[in-house]
Amino acid sequence: MLKIRRSKPAGNFTILPNELLRDDRLSYCARGVLAELLSRPSGWETNADALSDRARRHRGDVVGEGRRGLRSAFAELEAAGYMVRRKEKGERGRFVTVLEVYDVPQLRGTARGTSADGTSVNGTSASGTSSVSTEGGRTEEEDGGEERSSALAGARAGQHARAREEAARRLQDLYAAANALSDDRLRRLLLQFERKRPRIYREQRQAALGQLGREDPGSLGSVRAVDLLSYKYGLQHYCGEGKPVPDWLAKFPR
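Numbering of the sequence shown is given in this note's numbering, commencing with residue 1191 and proceeding in unit increments.
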């Protein structure tokens, strides 16, 4: 049993939407990075490498998050719409890359405007936390290096975004096919899952029961609802992590 103990701070705190903190598209690392950035004032400058250096200074090389992990977290946030990349002119007229950070995902083309649900305007989030510029140059040499680094980071982020979009489309197709399964076929696939990967099966079933218990307790009495959500969690376990979905788990009737 998990018991939550909350304090009631009178100041120096940040309000964040639960949807952000529970966004299952994001790794826990990416959620933590986003919370850190949104707690900072507007105009605060950093990037993935600087955050990694800071973590290593405070927590050591062994436990401090590495550059690769934090760059991956930044790529996740950009792919999910919490970061929007744009170019702007610096002090000497040179273009620099700026990442604007939001507490609600932005559709493409909504940066510095209003998000789809109207909760983010002009780069300021609904919680009152301003967007954070996360990249900026200091010298002409550094500007040139940052532009090259930003171009590489942008290419990597684009690759990650495309891979995630493809995985998301694949997962939605699998969900749609799962919805069309008969109760008997669904049960047979789950039995296969339980026999071949018992530990993972138990984990996904518990996750499904937990979600239904939170969101729709009445559905816990429906065998179909529990089985279908457990099965979808199993699909997400493989497809959501970029793993190939085993044939024995996704053997749909033609």
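Glycine is no exception: its CB is placed at the ideal position from the N, C-alpha and C atoms.
Check, Outcome
"Unbroken alpha helix (DSSP H) run spanning L1418, endpoints", "V1413 to C1429"
"Three-pair Cβ contact test at 8 Å for the segment 1360-1378 versus the segment 1410-1428", "yes"
"Cβ neighbours of S1229 in the same chain (closer than 6 Å, five flanking residues each side left out)", "T1204"
"Length of the line joining the Cα atoms of R1389 and G1424", "11 Å"
"Through-space distance from L1260 to M1273, alpha-carbon basis", "14 Å"
"Of the residues A1265, L1241 and S1197, the one placed nearest G1256, counting alpha carbons only", "L1241"
"Which residues DSSP lists as bridging M1273, in chain order", "V1291"
"Nonlocal neighbours in the same chain, by C-beta distance under 6 Å from A1245, ignoring five residues either side", "G1254 and E1255"
"Status (buried if at least 16 other CB within 10 Å, exposed otherwise) for E1290", "buried"
"V1435 and L1381 closer than 9 Å at C-beta", "no"
"Coil, strand or helix - V1286 by DSSP", "strand"
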